[in-house]
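**Student:** Please find one structure pasted underneath; my questions will follow.
There are 2 protein chains.
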Amino acid sequence: MTRLTDTGASDTLTVGVVQHACSADREPNLAHALSGIEHAADRGAELVLLQELHNHAYFCHSEDPSHFDLAEPVPGPTTHALGDAARRAGVCVVGSVFERRTAGIYHNTAVVLERDGAVAGTYRKMHIPDDPGYHEKFYFTPGDQGFTPIDTSIGRLGVLVCWDQWYPEAARLMALAGAELLLFPSAIGWDSADDSAERQRQLESWVTIQRSHAIANGLPVVCCNRVGDEKMSGDGPSIKFWGTSFACGPQGEMLWQAKSDRSQVSVVTIDRQRSERVRRIWPFLRDRRIDSYGEIDNRFSD
Amino acid sequence: MTRLTDTGASDTLTVGVVQHACSADREPNLAHALSGIEHAADRGAELVLLQELHNHAYFCHSEDPSHFDLAEPVPGPTTHALGDAARRAGVCVVGSVFERRTAGIYHNTAVVLERDGAVAGTYRKMHIPDDPGYHEKFYFTPGDQGFTPIDTSIGRLGVLVCWDQWYPEAARLMALAGAELLLFPSAIGWDSADDSAERQRQLESWVTIQRSHAIANGLPVVCCNRVGDEKMSGDGPSIKFWGTSFACGPQGEMLWQAKSDRSQVSVVTIDRQRSERVRRIWPFLRDRRIDSYGEIDNRFSD
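Chains as they are written, first to last, in my numbering: chain A, 4 to 305; chain B, 4 to 305.
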């Protein structure tokens, strides 16, 4: 395996990010992802990050048992399609699948495809939200694989999913397990009832906390989030997914940021050597008080 | 005790922040802090936050055993002076002392003074840095009190110190122990050898990660950092302390930010009810995977 920090490894990693709107039908959504992989590879990407649940309109706006029909096994049709695209393009791919594991156990699962099309590993979303418009606890069983990075030919990838973004513990555990960068497929947007000040606070918070994972752990972070207005019901409110996919380096420095309102395939080049240099001047991992963190496992201390 | 979120408590908390340059002599530095407490109280502050080691020029730029002469007991001269000022002004004060605990055990200690001048509690800096220009491991024994908030008449205060800023674990543990806001006395600046791009990255990282503690935990954060150029030695490099003290709300939204290059006494008003509202729409604490964080106690998993 090539580690990002190995002497002699390529000094850069070029990452493609496929940000797009989703429609009601699976096929055009998947086609968008597949063509995005190809286009990103044409532009030099070695790794392509897709957005959360890229095959589907965001179906968690309500609780409807018929939506479980959208789920599929892993490996299954989507991992086969993504694997074929990865192999053809010669890139690693991070995709996202609504996984049916067995009757009654479904997951929100990130899948990593190797350059030869094989499944390198999966990550089942550990933190499951449930908010008005995001009824994910109905659909997704919490992951049981822990925070385990996935080894690939281009490095050890710390893949997390959306709501995990808000948890420093998730990023830390991936870093301690040797992840060389963090990757977040995401599906988050604005409630149409929120005013512009609240929207701005929410978007800034989301970018800020992900940048902080880069800073705390001295590694790059790349996030891919969908765009588009999706109606929750016939004449109900909508979610406006805010896009703004981005990449930052190990000081949280912004390397690239997408627009909030358009589909785009982008590539960003990451300096693979920078984590080594940054961790030498900001040796946060050295000074962790591992003797004193036990109460992190508490729900609350009352 | 009045909790910030108690129904019936005042809806706001006004916090004073005393950012200043330090000179070689203790007395003018302490006088600056004492007058800052008075001025902030005159402008409505109920709580005044001082900067890290406000009595001294930053003495950790080199390892010199004679600097231990600067240390003092707690309670001691500085807590008496701060307590008198707190009582006269009728405010709570968060100060910072180079504490001599016994021969060979010195701490970088935050002290909280009640409105009646009594010591409400102390926090001994848990994470100790050691970087060129910041030889703190020589001077400061790591704290052994854990991450324990301090109860006062104006709320339960999560006091941390400087390098703790970079550790999401510290903020989380304070929040889980019921802290209603986080307070960071700080002393951080630029190395004169760093170029402007590196300076910008460092300052942004520092603000970003502290905002992220607000976001992850749904509580306000206030930080007080010194300003001024301080020479490390006669004709050697200097540290330019970057000031930029700031306050943010529980979505990480910036409420106020000081300049990077001047002494100033400021007051900022915090909405005490906002944590309750923000945590209802972003219930991050609800979804923590406390079954899966055990490896946070590892140094590294190899």
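Where a beta carbon is used, it is the ideal one built from N, C-alpha and C, also for glycine.
Nothing here was measured: the structure is a model prediction, and the numbers come from that model.
Can you list, in chain order, the residues of its chain with a C-beta nearer than 6 Å to that of Y61/A? Leave out the 5 residues immediately preceding and following it.
**Tutor:** Position 58 of the first sequence, counting from 1, holds the residue named residue 61/A. Here the set comprises A190, E233.
**Student:** For Y170/A, would you say it is in contact with chain B, using Cβ-to-Cβ distances shorter than 8 Å as the test?
**Tutor:** For the purposes of this step, residue 170/A is taken as the residue at position 167 of the first sequence. True, the Cβ-Cβ gap to chain B drops below 8 Å.
**Student:** Which chain B residues are close to H130/A, counting only those with a beta carbon under 7 Å from its beta carbon?
**Tutor:** Position 127 of the first sequence, counted from the start, is the residue given in the question as residue 130/A. By Cβ distance, chain B contributes D290, R292.
**Student:** Would you list, in sequence order, the uninterrupted beta strand (DSSP E) runs of no fewer than 3 residues that lie entirely inside the stretch 122 to 172 of chain A?
**Tutor:** Unbroken beta strand (DSSP E) stretches of 3 residues or longer found wholly inside the stretch 122 to 172 of chain A: 122 to 127, 153 to 155, 158 to 162, given in chain order.
**Student:** What are the residues of the stretch 47 to 59 of chain B that lie near chain A, defined by any Cβ-Cβ distance shorter than 9 Å?
**Tutor:** If the cut-off is 9 Å between Cβ atoms, the stretch 47 to 59 of chain B has nothing near chain A.
**Student:** Within the same chain, show all residues whose beta-carbon is closer than 7 Å to that of T155/A, passing over the 5 residues directly before and after it, in chain order.
**Tutor:** Taking the first residue of the first sequence as position 1, residue 155/A is located at position 152. Hits under 7 Å: C95, V115, E117, A123.
**Student:** Say whether chain B places a C-beta atom closer than 8 Å to the C-beta of W259/A.
**Tutor:** Translated into the one-based positions of the first sequence, residue 259/A becomes position 256. Not one chain B Cβ lies under 8 Å of W259/A.
**Student:** I'd like to know if A123/A contacts chain B, where contact means its C-beta is closer than 8 Å to some C-beta of that chain.
**Tutor:** Stepping through the first sequence from its first residue, residue 123/A is reached at position 120. Answer no: the Cβ-Cβ gap between A123/A and chain B never drops below 8 Å.
**Student:** Against D87/B, what residues of chain A qualify as contacts under a CB-to-CB distance less than 7 Å, listed in chain order?
**Tutor:** In the second sequence, residue 87/B corresponds to position 84, counting from 1. Going along chain A, no residue has its Cβ under 7 Å from D87/B, so there is no contact; the nearest lies around 33 Å.
**Student:** Residues in the same chain with beta-carbon distance under 7 Å from A48/B, minus the five sequence neighbours each way, listed in chain order, please.
**Tutor:** Along the second sequence, one-based indexing puts residue 48/B at 45. Contacts found: T17, V18, G19, V94, V270.
**Student:** Taking F287/B as the reference, give the member of A173/A, E41/A, S278/A with the closest Cα.
**Tutor:** Stepping through the second sequence from its first residue, residue 287/B is reached at position 284. With distances taken between Cα atoms, F287/B lies closest to A173/A.
**Student:** So what's E233/B in DSSP terms, helix, strand or just coil?
**Tutor:** The residue given as residue 233/B occupies position 230 in the second sequence. Strand.
**Student:** How far does the beta strand (DSSP E) with R313/B in it reach, from first residue to last?
**Tutor:** No answer is possible for residue 313/B: it lies beyond the span of chain B, which begins at 4 and ends at 305.
**Student:** Can you list the residues of chain A that A250/B reaches, using a CB-CB cut of under 7 Å?
**Tutor:** As a position in the second sequence, residue 250/B is number 247, starting the count at 1. Simply none; closest approach about 15 Å.
**Student:** Could you list which residues in chain B have their beta carbon closer than 8 Å to that of I284/A, in chain order?
**Tutor:** Working through the first sequence from its first residue, we reach residue 284/A at position 281. The contacting residues are D134.
**Student:** Answer yes or no: do P188/B and Q54/B have a C-beta to C-beta separation smaller than 8 Å?
**Tutor:** Mapped onto the second sequence, residue 188/B falls at position 185. Mapped onto the second sequence, residue 54/B falls at position 51. Yes, they are a contact pair.
**Student:** For the candidate residues P78/A, R91/A, H130/A, G107/A, whose alpha-carbon lies nearest to that of V100/A?
**Tutor:** Position 97 of the first sequence, counting from 1, holds the residue named residue 100/A. Among P78/A, R91/A, H130/A, G107/A, the Cα nearest to that of V100/A is on P78/A.
**Student:** Look at the alpha carbon of S69/A and the alpha carbon of C165/B, and state the distance between them as a whole number of angstroms.
**Tutor:** Position 66 of the first sequence holds residue 69/A. Position 162 of the second sequence holds residue 165/B. Each residue's alpha carbon lies about 52 Å from the other.
**Student:** Is the Cβ-Cβ distance between W285/A and G231/A less than 8 Å?
**Tutor:** In the first sequence, the residue the question calls residue 285/A occupies position 282. In the first sequence, the residue the question calls residue 231/A occupies position 228. Contact: no.
**Student:** Near G98/B, what residues of its chain come up, given a Cβ to Cβ distance below 6 Å and the 5 sequence neighbours on each side ignored?
**Tutor:** Here residue 98/B corresponds to residue number 95 of the second sequence, with the count starting at 1. These residues qualify, in order along the chain: L53, L85, V114.
**Student:** Hey, how far is the Cα of A74/B from the Cα of I108/B?
**Tutor:** To locate residue 74/B, count along the second sequence from 1; it is residue 71. To locate residue 108/B, count along the second sequence from 1; it is residue 105. Going by the C-alpha atoms only, they are around 10 Å apart.
**Student:** Which residue marks the beginning of the alpha helix (DSSP H) containing A308/B, and which one marks its end?
**Tutor:** The structure shown does not extend to residue 308/B, since chain B is modelled only from 4 to 305, so the question has no answer here.
**Student:** According to DSSP, which residues form a beta bridge with L116/B?
**Tutor:** Stepping through the second sequence from its first residue, residue 116/B is reached at position 113. Partner(s): V96/B, V122/B.
**Student:** Select from F150/A, D87/A, R282/A the residue whose C-alpha is nearest the C-alpha of P132/B.
**Tutor:** Translated into the one-based positions of the second sequence, residue 132/B becomes position 129. Closest by alpha carbon: R282/A.
**Student:** Please report the residue range of the alpha helix (DSSP H) in which S199/B lies.
**Tutor:** As a first step, residue 199/B must be located in the second sequence, where it is residue number 196. Start and end: 199 to 220.
**Student:** If you measure between the beta carbons of G149/A and S208/B, is that distance less than 8 Å?
**Tutor:** The residue labelled residue 149/A in the question sits at position 146 within the first sequence. The residue labelled residue 208/B in the question sits at position 205 within the second sequence. No.
**Student:** Thinking C-alpha only, which one of G297/A, T272/A, R289/A is nearest D14/A?
**Tutor:** The residue you call residue 14/A lines up with position 11 of the first sequence. Selected option, being the one with the closest Cα: T272/A.
**Student:** Taking 8 Å as the CB-CB cut-off, is Q254/B touching chain A?
**Tutor:** Translated into positions along the second sequence, residue 254/B becomes position 251. It does: the Cβ of Q254/B has a partner Cβ on chain A nearer than 8 Å.
**Student:** By Cβ distance below 7 Å, which residues in the same chain neighbour G120/B in space, the five residues on each side in sequence not counted?
**Tutor:** In the second sequence, the residue the question calls residue 120/B occupies position 117. For G120/B, where only same-chain residues beyond five positions count, the Cβ hits under 7 Å are G86, D87, A89, R90.
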